[in-house]
Each structure stands twice: as structure tokens, then as C-alpha cells.
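Participant: Each protein sequence line maps, in turn, to chains A and B. Positions in the first sequence are counted from 1; adding 83 to them yields this note's numbering. Positions in the second sequence are counted from 1; adding 83 to them yields this note's numbering.
There are 2 protein chains.
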Amino acid sequence: MTSVRRSGTKGVARADREQQILDVAGPIFGEHGFAATSMADVAQQAGISKPLIYNYFGSKEGLHERCLRLALDLVLGEIERSADLGAVGLQRALVTLDGMFRVLDGRAWVWAIANDATAPEGTAALRDTYQQRLDGLAREGVGELLTLAGDDDALDLDAMTAVWSDVFASLVTWWCAHPGVTPDAMSARCERLFGAVFGFSPDA
Amino acid sequence: MTSVRRSGTKGVARADREQQILDVAGPIFGEHGFAATSMADVAQQAGISKPLIYNYFGSKEGLHERCLRLALDLVLGEIERSADLGAVGLQRALVTLDGMFRVLDGRAWVWAIANDATAPEGTAALRDTYQQRLDGLAREGVGELLTLAGDDDALDLDAMTAVWSDVFASLVTWWCAHPGVTPDAMSARCERLFGAVFGFSPDA
DNA sequence: TTGAATTGACTCGCGGGTAAGTTACCACGG
DNA sequence: CCGTGGTAACTTACCCGCGAGTCAATTCAA
């Protein structure tokens, strides 16, 4: 997995060192949040010095943005992949949840960093495009449900989309807080809960 | 509303000044969160100097705790009051939401400060007792629903309680982000959404 | 020798917190 | 009616630690 050293280079090849730093920084940002993470801490846990990180990523924001991009790509990619599977209604919700559990298995920090409230202002645009694509997908399913119930109020749709997004996040966050639960077990749990709420088996 | 000045005292009476600082600090803590709030900012917006705040509240944590207590008392008090009204099932949920909208009307910072993720460690105990009482109430209604559906898994109840708490929070937060919506209109919205999800009118 | 990789040892601003003084008001004695 | 001292409210100007960010070296492969 090690890249070839470039001429005139001591120590670790540039690409490898970069990857190594990202591997360490991601979980740290995820655990403590952007604001409460110190560069000295990242450097120490990576076994290198602080200036080296600045050499590679320029600033704390720069390092964070790289980690955030990885996280958002992973999360959003998985959600869009699930959407393409073609399931509808509750089945689609369950499929999306299941995919998320699988992709986050052993990488809970990805979810944490994607939902970090202390992220710097500079990432607002990045997070916006991500949120818009997410909301768009959520809105489809939610709109279907509301239309079926004869509700065509625009703000109702807006609020319900926010609620569904939070329900999704709530289930994922709960799972992240229970490391012993396998993705399979968690998906089964979601099926039971959906069944209890909606009063019928989801595959009906 | 002004307290009597005590003998040998210049300026504002102690109780009045304390209240004035709290009135300013609450919304600031709510808007920026504990971590991102600076004492100098609070002092400036209150039109006084920084040391005066320390004279009154001892520390940043001290000031924050006072604001947090006010917020938690308001929120939890309202929820327990709603619980005592004796409604059951979905009606109880709607009544609780309605009460929350009314008590937070014009005081959105109360909700923000009660849900601030950057609150200091020292308030963990305070927040725990609050959260436990909240969870206890939520667990009642959720447990009823799950038992009705034949689900008696302990972790299911745990997860579902977390989800319901987040749904509640999600609706309140959405409302806080839409200042033009009256409590009445928001309660009506909640009724429609509940109806759409559960497939029947809540008062049935 | 060259030059990229790497680091020890800084600077600097920000924000919590404080020491020491200043202001304004009141209660007295003359 | 006028000092004059006492006291509480209040402020200016500071300290100090922490963490982001930088610079002048140092190491080592080619």
C-alpha cells in the first residue's frame, strides 16, 4: 500500500504521509468536534510535529475540510446509491438506513464529523450542497406520504422533511452510541419500530 | 419594577443589575452557544464592564448555569404541566407540543440554550436530571405504543424513545427557525402531520 | 551538494479572569 | 449647611494560559 518514494525525499512519501494524517485526524475531529480539536493533539497522535500538518494542509480549516469531504462523500454517496435501488415508501427508508449502517460500521466518526455543530463558517457552502441533495431525496418520500394523506401545504412538507431527516439521524446516532449492535440487528430493529408506528409490516 | 436602592449604594440596585445581565446573557448564550460566547461580548451588549459580571456570577460557567437553569425550568416545567393534563397517546403528544410552542413564543433562545451541545462539563449533572425526567415521560407514551404492537424488546424501547425525543425536538426547532408561525398554526400543523403519518385523525 | 521532509522553538491574538483604583451616594459631626 | 469618611457599584488596565500559525534550522536520500 506504500507509494514509491520520490527522488530527494527522506522519510515517508508525500501521499502516504497525507493519508496517515487524514486517518488520524478524521476520528479526532469526529470525537471532539472541530472547535474542541487541537492541532497539537492531532500531530501528537499521528506521531509527527505540528508544522508538518500545516505543510500538508495549510490550516486547521484545510485539514478539517478534507476530512469533512471524505465524510460527506461517504454518507451522501451511500444515500444516493440506496435511492437508485428503486425501493419506494417505507421500504426505501429501511434500505437507506440499512446502507448507512453498513457504510458507517467501524467508522462512526464519519457520521459525527458530518453532523458537527462546531464546524467552521467556511464549510457552510459545502454543507449546504450536501444538505440540499439530502433534503431533495427526503422530500420525495415525505411528499408522497403527505399527498396520499391529502395534505399539500408547502410548509407542512418543509417541516415533515425536517422531521424525517432528524428521525433518520436519530436512528443512526443511536446506533453509533451502541457499538455492540451489528448493522443487521439495527436494520431489524428499524423494521420492528416502523412496523409498530405504522401498524403494519413494511414488506406488505 | 425597580428595587429600592440600599443605603450607601450608587448605580443600579443589585437585584436589578443581576436580572439585566441575565436578560442579556440568555439570548446570547442561546444564539452562539456556550463555547462561542465571550464574556466581553455579554458585557458590551449589557452596557457594562466585564469584571462586573464576574462580581455578580463568579465565572462564565456561573453565568451560564443561571441561564441554563432558567431555560430548563421553563421547558421541563411546561412538559410536566402538560403531562399532568391527563391526555393519552397522540393527544398527549400534541398537547405537550402545543404547550411548548406557547411557552417558547418569543423566547426561542430558551430552547437553544437547553439544547446547546457546547455546554460545559459542569452542567452534566443538571442536564442529566432534566434529561432523565424527560426520557421518563417520553418512555411512557412510547412504551404504550410498542406494547400495543407486541414489541417488548428493551433496546427497541430505548431507541424508539430517543427517536420520539428527537421528533419532538425537531418540530420545536423547526418552529424556532420560522418566527412568523404562531403557536396555534404550529399546533395545527403538528395535528395534520400526525394524522398523515398515523393515517387517522388524532382525536379519533 | 542539493533539496525535500521534518522539527524545535518561537510569535501572537484571543478570551477568561483579576488587582487596584475611581465614582457616586449616604450618614454623620461640627 | 458643609466637610468627611464609609461603602457599594463600577471600571481601567492588566495577567496568563492556550492554541493557531510560522521560521530558521536540521536530517537524510540521491
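Glycine included, C-beta positions come from ideal geometry on N, C-alpha and C. Bear in mind that the values here come from a model prediction, so they are computed numbers and not experimental data.
1) So, under 8 Å CB-CB, A:H147 and A:P110 are touching, yes? Tell me the CB distance rounded to an integer number of Å.
2) Starting from B:N138, trace the alpha helix (DSSP H) in both directions and tell me its first and last residue.
3) Does the beta-carbon of A:V50 have 16 or more other beta-carbons within 10 angstroms, so that it is buried, or is it exposed?
4) First and last residue of the alpha helix (DSSP H) that includes A:P110?
5) Do the region 124-144 of chain B and the region 91-106 of chain B touch if we need at least three Cβ pairs shorter than 8 Å?
6) Kindly say whether A:W257, judged by its beta-carbon, lies nearer than 8 Å to any beta-carbon of chain B.
7) Could you pull out every unbroken alpha helix (DSSP H) segment of at least 4 residues lying fully inside the region 214-262 of chain A, listed in chain order?
8) What are the boundary residues of the alpha helix (DSSP H) that includes B:G278?
9) For B:R149 versus B:L105, is the C-beta spacing smaller than 8 Å?
10) Apart from the five residues on each side of it in sequence, which residues of its chain come closer than 8 Å, Cβ to Cβ, to B:V95?
11) Which residue marks the beginning of the alpha helix (DSSP H) containing B:E204, and which one marks its end?
12) For B:V171, count the other beta carbons within 10 Å of its own beta carbon; 16 or more makes it buried, fewer makes it exposed. Which is it?
13) Tell me the DSSP secondary structure of B:G182 in three-state form.
14) Name the chain B residues that come within less than 7 Å of A:A279, Cβ to Cβ?
15) Relative to the C-alpha of B:V186, which candidate in B:S270, B:F277 and B:A279 has its C-alpha closest?
16) What whole-angstrom Cβ distance do B:L229 and B:L240 have, given they're in contact under 8 Å?
17) Count the other CB atoms, across all protein chains shown, that sit within 10 Å of the CB of B:D156; report buried if there are 16 or more and exposed otherwise.
18) Does the region 254-266 of chain B come close enough to the region 235-251 of chain A to have 3 or more Cβ pairs within less than 8 Å?
19) Apart from the five residues just before and just after B:R222, which ones in its own chain have a Cβ nearer than 8 Å to its Cβ?
20) With 8 Å set as the bound, which would you pick, yes or no: does the beta-carbon of A:S253 sit closer than that to a beta-carbon of chain B?
21) Check the Cβ of A:T201 against every Cβ in chain B and list those closer than 9 Å, keeping chain order.
22) Sorry if obvious, but does the Cβ on A:K143 come closer than 7 Å to a heavy atom of the ligand ATP?
23) Which class does B:G94 belong to by DSSP, given the choice of helix, strand or coil?
24) Just to make sure I have the definition right: I need the residues of chain A whose C-beta is within less than 9 Å of the C-beta of B:V158. Which are they?
25) Quick one: Cα of B:M122 to Cα of B:R190, how far?
26) Measure the beta-carbon distance from A:L217 to A:L159 and round it to whole angstroms, keeping in mind my assumption that it falls under 8 Å.
27) B:A197 touches chain A at which residues, Cβ-Cβ below 8 Å?
28) Taking all protein chains shown into account, decide if A:R275 is buried (16 or more other Cβ within 10 angstroms of its Cβ) or exposed.
29) Can you check which of these residues, B:R272, B:V107 and B:R210, is closest to A:A237 by C-alpha distance?
30) Please classify B:G172: does DSSP put it in a helix, a strand, or coil?
31) My assumption, with CB atoms under 8 Å, is that A:G141 sits in contact with A:D199. Please give the rounded CB distance.
32) Using a beta-carbon distance below 8 Å, is A:M243 in contact with chain B?
33) Out of B:F277, B:V264 and B:R164, state which residue places its alpha-carbon closest to the alpha-carbon of B:D188.
34) Does B:T120 pass the burial test, meaning 16 or more other C-beta atoms within 10 Å, or should it be called exposed?
35) Tell me which residue opens and which closes the alpha helix (DSSP H) that A:R164 is part of.
Facilitator: A quick look at the data gives this:
1) A:P110 and A:H147 do not touch by the CB rule: their CB atoms are close to 13 Å apart, not below 8 Å.
2) Counted as a single uninterrupted DSSP element, the alpha helix (DSSP H) harbouring B:N138 occupies residues K133 to F140.
3) Residue 50 of chain A cannot be examined here, being either before or after the span of chain A that is shown, 84 to 287.
4) Looking at the DSSP string, the run of the alpha helix (DSSP H) that includes A:P110 is R97 to H115.
5) The answer is yes - the region 91-106 of chain B touches the region 124-144 of chain B, with three or more Cβ pairs under 8 Å.
6) Chain B contact via Cβ: present.
7) Runs found: 237-259.
8) P266 to F281 is the extent of the alpha helix (DSSP H) around B:G278.
9) At the C-beta level, B:R149 and B:L105 come within 8 Å of one another.
10) Cβ-Cβ distances below 8 Å link B:V95 to Q103 in the same chain, with the five nearest sequence neighbours on each side left out; the list follows chain order.
11) Per DSSP, B:E204 lies in no alpha helix (DSSP H) and is assigned neither H nor E.
12) Exposed: under 16 other Cβ atoms inside 10 Å.
13) In the structure shown, the three-state DSSP call for B:G182 is helix.
14) Ordered by position in chain B, the residues that pass the 7 Å Cβ test against A:A279 are L228, L229, A232 and D234.
15) Here the closest residue by C-alpha is B:S270.
16) With 8 Å as the limit, B:L229 and B:L240 qualify as a contact, their Cβ atoms being about 6 Å apart.
17) Burial is judged here by how many other beta carbons sit within 10 angstroms of a residue's own beta carbon; B:D156 has fewer than 16 and is exposed.
18) With a cut-off of 8 Å on Cβ pairs, the region 254-266 of chain B is in contact with the region 235-251 of chain A, counting three or more such pairs.
19) Cβ-Cβ distances below 8 Å link B:R222 to L240 and T244 in the same chain, with the five nearest sequence neighbours on each side left out; the list follows chain order.
20) Answer yes: the Cβ-Cβ gap between A:S253 and chain B drops below 8 Å somewhere.
21) Simply G116, A118, A119, A200 and T201.
22) Inclusion of the ligand ATP in the displayed structure is not the case, the ligand content being empty and no account of it being possible.
23) Assignment of B:G94 by DSSP, reduced to helix, strand and coil, places it in the coil class.
24) Going along chain A, no residue has its Cβ under 9 Å from B:V158, so there is no contact; the nearest lies around 18 Å.
25) Distance between the alpha carbons of B:M122 and B:R190 is about 21 Å.
26) Indeed, because the Cβ distance is near 7 Å, the residues count as touching under 8 Å.
27) Within chain A, no residue comes near B:A197; the closest Cβ sits about 15 Å away, beyond 8 Å.
28) It is buried - the Cβ of A:R275 has at least 16 other Cβ atoms within 10 Å.
29) For the options B:R272, B:V107 and B:R210, the alpha carbon positioned closest to that of A:A237 is the one of B:R272.
30) B:G172 falls in the helix class under three-state DSSP.
31) In fact, because the Cβ distance is near 20 Å, the residues do not count as touching under 8 Å.
32) Cβ-Cβ to chain B under 8 Å: yes for A:M243.
33) Nearest Cα to B:D188 within the set B:F277, B:V264 and B:R164: B:V264.
34) Buried, since its Cβ has 16 or more Cβ neighbours within 10 Å.
35) Counted as a single uninterrupted DSSP element, the alpha helix (DSSP H) harbouring A:R164 occupies residues K143 to D167.
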